[in-house]
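Q: In terms of my numbering, the sequence shown opens at residue 152 and continues consecutively.
Here a beta-carbon is modelled for each residue, glycine too, at the ideal position from N, C-alpha and C.
The structure displayed is predicted, hence computed values, not measured ones.
Let me give you the structure first, and then I'll get to my questions.
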Amino acid sequence: MVPVPDNPTDIRILRHRIEKIDMLPTISGVVRRLTKVIGNPKTSLHEISSFISSDPALTSRILKMVNSAVFGFPGRISSVTHALTLLGLDAVRSLLMGVTVLELMQTVMVGLREHSVGCAVAARSIAEIKGLKNLEEVSVAGLLHDIGKVIFLLEFPKDYRTVMEEAEQKEILVMEAEKARFSETHAAAGQWLAEKLFFPGKLTDMIAFHHKPGLARSAPLETAIVHLADILVRALGFGYAGDAFVPAVSPVAFELLDLKERDIREVLKSIENVRASGEDLFW
């Protein structure tokens with residue numbers, strides 16, 4: 152492992168450490184095989200469904216995902232074939248590759264998992280209001296947008312605790328303290344991991360630019376949705392994202408989304424409904 156200096160500001164060292172991470176030992180082999188199956192244009196949906204159904208753990212994860220409040224499908228989905236049709240192959244692959252990160256959230260930062268779930272629900276609600284078709288992709292992005300924080304906490308726990316303390320003492324955003332300490336933010340760390348795991352381009356964009364939606368190129372509207380969802384969940388105090396206060400909404404996101412007051416109320420209600428339900432989602 153590459154040694155990290157007391158002040159790891161060398162971006163090359165930082166990126167190397169992140170790209171060397173192997174935190175998905177239990178699922179990476181399955182996902183690699185699944186990716187190969189999905190990537191074959193001659194493979195039918197039935198064959199993909201049969202492959203997944205042959206692995207009980209994989210089947211359980213997918214059915215729990217698709218039946219959770221994050222995706223909001225009406226009725227109970229009981230078959231892998233139905234789940235794949237509704238969720239989409241890319242969304243399934245990305246979620247399976249990121250699921251270990253999600254399971255680690257509660258151990259590295261109390262409240263981060265709840266924040267991420269709230270963001271996923273809010274993002275889906277906004278996407279529905281805007282009439283988007285790729286609801287599942289936006290939901291997944293909401294769920295995984297803060298994976299960079301998990302990476303920092305796993306690889307540089309002492310440094311990141313210092314970052315959070317400095318942010319609180321100086322009354323600045325955590326991402327500002329990250330930039331001062333690491334020369335990059337959790338958004339960049341999340342982007343590097345997403346690229347390493349071969350996430351779809353739009354999903355990577357939403358993770359990379361969820362704080363700066365104006366920089367998104369492949370998915371500007373979807374990135375603006377995740378950005379606003381993140382802030383609305385913080386405003387409601389659902390979970391904990393590490394900051395002592397709520398950041399401002401990007402003017403770019405305001406302009407792109409053009410939401411009415413009733414729309415915002417509807418999104419806030421969707422978040423409150425999940426919190427009130429106490430649903431365990433898919434963990």
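Under DSSP, the alpha helix (DSSP H) around residue 367 begins and ends at which residues?
A: Note, residue 367: premise wrong, no alpha helix (DSSP H); not H, not E.
Q: Can the beta-carbon of residue 383 be found closer than 8 Å to that of residue 324?
A: No. Outside cutoff.
Q: When the Cα of residue 371 is compared with those of 307, 380 and 360, which residue comes out closest?
A: 360
Q: Could you tell me which of 301, 229 and 219 sits nearest to residue 259, measuring between CA atoms?
A: 301
Q: Do residue 150 and residue 295 have their C-beta atoms closer together than 8 Å?
A: Any property of residue 150 remains undetermined from this structure, which presents the chain solely from 152 to 434.
Q: Does the beta-carbon of residue 209 have 16 or more other beta-carbons within 10 angstroms, so that it is buried, or is it exposed?
A: buried
Q: Buried or exposed: which applies to residue 171, given that a residue is buried once 16 or more other Cβ atoms fall within 10 Å of its Cβ?
A: exposed
Q: How many angstroms separate the CA atom of residue 375 from the CA atom of residue 269?
A: 16 Å
Q: Let me confirm a value: residue 366 is counted as buried when at least 16 other C-beta atoms fall within 10 Å, else exposed. Which label applies?
A: exposed
Q: At what residues does the alpha helix (DSSP H) containing residue 337 begin and finish?
A: 337-347
Q: Whole angstroms is fine: what's the gap from residue 198's alpha carbon to residue 230's?
A: Whole-angstrom Cα-Cα distance: 14 Å.
Q: Throw me the rounded Cβ distance for the residue 389 and residue 426 pair, which I believe falls under 8 Å.
A: 5 Å
Q: Can the beta-carbon of residue 340 be found less than 8 Å from the beta-carbon of residue 299?
A: yes
Q: Rounded to the nearest angstrom, what separates residue 318 and residue 287 at their Cα positions?
A: The straight-line gap from Cα to Cα measures roughly 33 Å.
Q: From residue 232 to residue 193, what does the alpha carbon distance come to, in whole angstroms?
A: 17 Å
Q: Three-state secondary structure (DSSP) at residue 210?
A: helix
Q: Does DSSP put residue 216 in a helix, a strand or coil?
A: Three-state result, residue 216: helix.
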